[in-house]
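Numbering (my numbering), first residue to last: 34 to 186.
Structure first, then comments.
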Ligand SMILES: [Cu+2]
């Protein structure tokens, strides 16, 4: 075989290997074997369940449940209903940027916008550890805005 083709074939196989490896890692990390879709509240309706106040910060996620604050992790109870109220730090803090909270296993994606409360109601129907992350580029350490939360019995 011509030496030139050999190099191209090796190159194509190497690129495919990298792509399939990253796909495998992604499937492993997100564990997307099954997921349920959350329901979006209509503005003005009463918020159901326990409120989770979520604030996007450069560069972490703050969660407050029943007055208890945690950063980049939280714990929920299975088959219990929660409403996430998601926003970002307000104008004047120097960190008023838009983030976007993604929880792939529960079909949740909510923008975190300064001065705006975006709500989503959901009931986790399985126990385990699940990833959440920011999917709106929000500055230098955007990639650090991720963590894991637990759903327990
Ligand atoms: Cu962000």
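Even for Gly, the Cβ is constructed at its ideal location relative to N, Cα and C.
Close Cβ partners of residue 122 (< 7 Å) along its chain, the five nearest in sequence each way excluded: 88, 90, 128, 129, 147
Buried/exposed call for residue 186, threshold 16 Cβ in 10 Å: exposed
Nearest neighbour of residue 197, chosen from 102, 93, 55 [CA to CA]: Since the displayed the chain opens at 34 and closes at 186, residue 197 lies outside it and no answer follows.
CB contact flag (residue 82, residue 114, <7 Å): yes
Outcome for residue 36 when other beta-carbon atoms lying within 10 angstroms are tallied against a minimum of 16: exposed
Residues bridged to residue 145 (per DSSP): 132
Test item: CB-CB of residue 119 and residue 143 under 7 Å: yes
Residue 178 CB to nearest heavy atom of ligand 1 below 6 Å: yes
Top-ranked residue by Cα proximity to residue 95, from 42, 58, 134, 62: 134
heavy atom of ligand 1 below 6 Å from residue 132 C-beta: yes
Spatial neighbours of residue 177 in its chain, beta-carbon cut-off 8 Å, leaving aside the 5 residues before and after: 92, 93
Endpoints, the alpha helix (DSSP H) within which residue 52 is located: 36–63
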